[in-house]
Structures are given as structure tokens and as C-alpha cells.
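Asks: Before anything else, here's the structure in question.
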Ligand SMILES: Nc1ncnc2c1ncn2[C@@H]1O[C@H](COP(=O)(O)OP(=O)(O)OP(=O)(O)O)[C@@H](O)[C@H]1O
Ligand SMILES: [Mg+2]
């Protein structure tokens, strides 16, 4: 029995300006809190969302953030999908390498975010970049 | 919205009270450096007790601010960092270079004063003079 709900204000946050990055990370954090994730996991998730959302705004010219939660008797899962319609990432592996940046920054965003969640996938082509962050915790009755 | 910066003798005090957007972080950096310059304060204590997310952007601005303050002969002390925020930063492969930390605001101020005694910094005194 799976109850998959699209969190109302969470589904479809438009990412245009830096305020939207704040909204995305705080909404992700709220949902992680509601699912009963530990504080440190809430912080990890919010931080990872912040990195990916900022990349969408900065390199993708803006994007969308969708948050979905899944609750089963055994586990709770939160999944964040951030998309943008910018130029895309020509070499995903290179982009994930710590220290690689075309933005004159530290190049720690993607590699850092990946370490903070259970699963991160990045699919990119010109016109569509999709980053998915997943965190799952077992339910302790 | 603007983040207030208080002056207590020759020390500046400020705090980040909520999760703030990038442009406000940038504003805080410029006004802190500006005030350090204008007041000749020996340093600034920045309390981040209520800050629950430090991502790579925030970490970079904080480190940069500390590095610039140091070039001006003063110091940034960060207080009240949530231990879980610190853990997250380390897990990401980041550290807060250049940054001095203390547990509480009081300890932060003590740290600045202790450093002043050590170095006998030229900006000692009432802090009211202008260094420009
Ligand atoms: N949504 C995106 N669209 C296009 N390019 C991207 C996108 N996200 C990341 N990139 C590319 O991947 C590189 C690495 O991204 P990453 O977030 O790791 O580092 P950064 O943004 O350059 O620096 P930091 O995040 O540390 O400030 C970027 O410099 C950019 O070239
Ligand atoms: Mg980035």
C-alpha cells in the first residue's frame, strides 16, 4: 500500500531568483521534517537542493523544482526533481568532478550535493537538464 | 530587508536570523566590510545560531569576508554554528577557510579581544577614529 502524494505548495516551485532558491530548500526541509527525517538529514537535503536549484538559476536560466513524497509501512522517501531548459551540460562526468567550474566558482556544488543524498541522478541535453535527488529512511514503528 | 550591524566599543556584532537569499548575503558582506573600514573596529562577531543551511555559496562568501577582513587587519568570528550544519559542510567537501569560530556571542567577543592583546593591533583604542 503506497501513498504517493504531491505535496501541494511543494509541487512546482518556479526557480527564477535567489528567493526561489530559499523557498525550494526550505520547502524540501519542511517535507523531510514532516516525514520524520532526522534534523541532520533535513539539513543535508536542504543543502543539496540549494546547490542544484542555484545551478538551475545560474546556468539554466531558471527552472522548476518538484517535490514528491512516498510513504509505505516500511520507509519514507522524498524525491526532488529540478529541471531547467538551458544549454545543458556537455560533459556530465566532468561537471560532477570536484573543482570543475565554468562559473569561476569552486565547482563543489554537484559533487557536494551527491554526497548529501542517497541517490542523485543527472541527465542533460541541450534544452533539458534534470537532476533528481532522493532520500529514503526506514520507518521505525 | 537589511541586516542590522551593532557596534559595541571596538567590536561589531551582527547575526543572520533566518535563511536569506544570495543577494542579501552579498549585501551583508559589503556592509560588514564597509563598517569595519569606517569604524576601525578590531573585528566582527557574526552569530549564525538560526542559520540552518550553509551551502557552497554561503560558505564561500563567509570565507571571503573573513579573508578580506584579515587583509584589513581585523577578524571575523562566527558563533553559534549548528553542529549539524558543520557536519554537512564537511560531508560536502567544504570547510570554512579563514574563519574563526566560537560557541557563543560572549566567547566570540572574548576571542577578538584576546587576539587584539596578542597582536597589539594598530586599530586599538576607542575605535572611533577613521582609518581612511
Ligand atoms: N543546470 C545546469 N546547466 C548547465 N550547466 C550546469 C548546470 N549545473 C551545473 N552546470 C555546469 O557544471 C559545472 C559544475 O557545477 P557545480 O555546481 O559543481 O559547480 P559551480 O556551480 O561551478 O560552483 P559552486 O556550485 O561550487 O559554486 C558548472 O560550472 C557548470 O558549468
Ligand atoms: Mg553550483
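Residue numbers (my numbering), protein chains in the order written: chain A, 3 to 143; chain B, 10 to 141. Even for Gly, the Cβ is constructed at its ideal location relative to N, Cα and C. The model shown is predicted, which means the values in this text are computed figures rather than measured ones.
1) For the region 95-128 of chain B, which segments carrying the alpha helix (DSSP H) assignment without a break, of at least 4 residues, lie completely within its bounds, in sequence order?
2) Can you tell me which of the three DSSP states residue 138/B falls into?
3) If you measure from the beta carbon of residue 11/B to each beta carbon in chain A, is any gap under 8 Å?
4) Beta-carbon of residue 62/B versus every beta-carbon of chain A: anything under 8 Å?
5) Alpha carbon to alpha carbon, what distance is there between residue 126/B and residue 79/B?
6) Taking just the CA atoms, how far does residue 63/A sit from residue 74/A?
7) Looking at the strands, I want to know which residues DSSP matches up with residue 67/A.
8) Closer than 8 Å by beta-carbon distance: list the chain B residues that pair up with residue 15/A, in chain order.
9) Whose CB is closer than 5 Å to a heavy atom of ligand 2? List the residues in chain order.
10) So what's residue 56/B in DSSP terms, helix, strand or just coil?
11) So who's on the other strand from residue 86/B, going by DSSP bridges?
12) Would you say residue 86/A touches ligand 1, meaning its beta carbon is less than 7 Å from a heavy atom?
13) Between residue 29/A and residue 69/A, how many whole angstroms is the CB-CB distance? I'm expecting something under 8 Å.
14) Could you check if residue 8/A is buried or exposed, using at least 16 other CB atoms within 10 Å of its CB as the buried criterion?
15) For residue 129/A, tell me which candidate among 136/A, 87/A, 113/A has the shortest Cα-Cα distance.
16) Below 8 Å between beta carbons: does that hold for residue 55/B and residue 24/B?
17) Looking at the secondary structure, which residues open and close the beta strand (DSSP E) in which residue 122/A lies?
18) Tell me the DSSP bridge mates of residue 21/A?
19) Report yes if the CB atom of residue 65/B is closer than 8 Å to the CB atom of residue 47/A, and no otherwise.
20) State the Cα-Cα distance for the pair residue 127/A and residue 34/B, rounded to the nearest angstrom.
21) State the CB to CB distance for the pair residue 20/B and residue 98/B, rounded to an integer number of angstroms; the pair is presumed to be in contact (CB under 8 Å).
22) Sorry if obvious, but does the Cβ on residue 53/A come closer than 7 Å to a heavy atom of ligand 1?
23) Where residue 72/A and residue 79/A are concerned, what is the direct C-alpha to C-alpha distance, given to the nearest angstrom?
24) Just confirm the distance between the C-beta atoms of residue 74/B and residue 41/B, as a whole number of angstroms; I'd bet it's less than 8 Å.
25) Flag residue 97/A as yes when its Cβ comes closer than 7 Å to any non-hydrogen atom of ligand 1, and as no otherwise.
26) Alpha carbon to alpha carbon, how far is residue 83/B from residue 41/A? Give it in angstroms, no decimals.
Replies: Reading from the atomic positions:
1) Taken in chain order, the whole alpha helix (DSSP H) runs of length 4 or more contained in the region 95-128 of chain B are 114-128.
2) The count along the second chain starts at 1 and reaches residue 138/B at position 129. With a pLDDT of 42 at residue 138/B, under the threshold of 50, the modelled position of this residue cannot be trusted; read the value that follows with caution. Residue state, collapsed to three classes: coil.
3) Taking the second chain and counting its residues from 1, one reaches residue 11/B at position 2. Judged by the 8 Å Cβ criterion, residue 11/B is not in contact with chain A.
4) Working through the second chain from its first residue, we reach residue 62/B at position 53. So, interface residue.
5) Within the second chain, residue 79/B is the residue found at index 70, counting from 1. Within the second chain, residue 126/B is the residue found at index 117, counting from 1. Distance between the alpha carbons of residue 79/B and residue 126/B: 16 Å.
6) Here residue 74/A refers to the residue found at position 72 of the first chain. Here residue 63/A refers to the residue found at position 61 of the first chain. Approximately 36 Å, taken between the alpha carbons.
7) Position 65 of the first chain holds residue 67/A. Paired residue(s): 15/A, 84/A.
8) Position 13 of the first chain, counted from the first residue, corresponds to residue 15/A. Chain B residues near residue 15/A: none, gap ~14 Å exceeds 8 Å.
9) Cβ atoms closer than 5 Å to ligand 2 belong to 57/A, 111/A.
10) Walking along the second chain from the start, residue 56/B turns up at place 47. For residue 56/B, the secondary structure class from DSSP, reduced to helix, strand or coil, is strand.
11) Counted from its first residue, the second chain places residue 86/B at position 77. Answer is 54/B, 109/B.
12) The residue labelled residue 86/A in the question sits at position 84 within the first chain. The nearest non-hydrogen atom of ligand 1 is less than 7 Å from the C-beta of residue 86/A.
13) Walking along the first chain from the start, residue 29/A turns up at place 27. Walking along the first chain from the start, residue 69/A turns up at place 67. The Cβ separation is near 6 Å, so the contact holds.
14) The residue given as residue 8/A occupies position 6 in the first chain. With a pLDDT of only 47 at residue 8/A, under the threshold of 50, the placement of this residue in the model should not be trusted; the figure read from the coordinates follows. The residue in question, residue 8/A, is exposed, as its Cβ has fewer than 16 Cβ neighbours within 10 Å.
15) Counting from 1 along the first chain, the entry for residue 129/A is found at position 127. Nearest to residue 129/A by alpha-carbon distance, out of 136/A, 87/A, 113/A, is 87/A.
16) For the purposes of this step, residue 55/B is taken as residue 46 along the second chain, with counting starting at 1. For the purposes of this step, residue 24/B is taken as residue 15 along the second chain, with counting starting at 1. It is a contact, given that the beta carbons lie within the stated cut-off.
17) As a first step, residue 122/A must be located in the first chain, where it is residue number 120. Unbroken beta strand (DSSP E) run through residue 122/A: 121-127.
18) Here residue 21/A refers to the residue found at position 19 of the first chain. As far as DSSP is concerned, residue 21/A takes part in no beta bridge.
19) Within the second chain, the letter at position 56 stands for residue 65/B. Within the first chain, the letter at position 45 stands for residue 47/A. A distance of 8 Å or more separates the beta carbons of residue 65/B and residue 47/A.
20) The residue labelled residue 127/A in the question sits at position 125 within the first chain. The residue labelled residue 34/B in the question sits at position 25 within the second chain. So the alpha carbons of these two residues sit roughly 32 Å apart.
21) Translated into the one-based positions of the second chain, residue 20/B becomes position 11. Translated into the one-based positions of the second chain, residue 98/B becomes position 89. Not confirmed; about 26 Å, so no contact.
22) Reading the first chain from its first residue, position 51 is the one you call residue 53/A. Yes, since a heavy atom of ligand 1 falls inside the 7 Å radius drawn around the Cβ of residue 53/A.
23) Looking up residue 72/A in the first chain gives position 70. Looking up residue 79/A in the first chain gives position 77. Across the structure, residue 72/A and residue 79/A are spaced so that their CA atoms are roughly 5 Å apart.
24) The sequence position of residue 74/B within the second chain is 65, counting from 1. The sequence position of residue 41/B within the second chain is 32, counting from 1. Between residue 41/B and residue 74/B the Cβ distance is about 6 Å, and since that is below 8 Å, they are a contact.
25) The residue you call residue 97/A lines up with position 95 of the first chain. Yes; taking the cut-off as 7 Å, the Cβ of residue 97/A has a heavy atom of ligand 1 nearer than that.
26) Position 39 of the first chain, counted from the start, is the residue given in the question as residue 41/A. Position 74 of the second chain, counted from the start, is the residue given in the question as residue 83/B. Across the structure, residue 41/A and residue 83/B are spaced so that their CA atoms are roughly 35 Å apart.
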